[in-house]
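In the working numbering, the protein residues as written are -4 to 73.
In structure tokens form, the structure reads like this:
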């Protein structure tokens, strides 16, 4: 099963309309799972009041938050 279809039951916060991980530790755990699946380094980044996963995939920066208890690409707020 893909990590992107696995349910995310960790605490979340909403910042600028985007659902993010509430805690850095939870985000780091999911970053490690995504990194194994995509075979690329994945970091966690503080965005407002929450944490997102970030990486470079196919030469493009990508960020993931949560939507409907699943990982989902988000637009990075700065």
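We treat Cβ as the ideally placed atom computed from N, Cα and C, and that holds for glycine.
Note to self: Assuming residue 29 is part of the alpha helix (DSSP H), what are its boundary residues?
What the structure shows: 19 to 33
Notebook entry, point to check: Which stretch, first to last residue, makes up the beta strand (DSSP E) that contains residue 67?
Noted result: 65 to 69
Checklist line | Cα-Cα separation between residue 0 and residue 65, rounded to whole angstroms | finding: 6 Å
Notebook entry, point to check: In terms of residue numbering, what span does the beta strand (DSSP E) encompassing residue 52 cover?
Noted result: 45 to 52
Next item on the list: Name the residue from 45, 52, 51 whose alpha carbon lies nearest to the alpha carbon of residue 19.
Entry: 45
Item checked: C-alpha gap between residue 4 and residue 35, whole angstroms -> 24 Å
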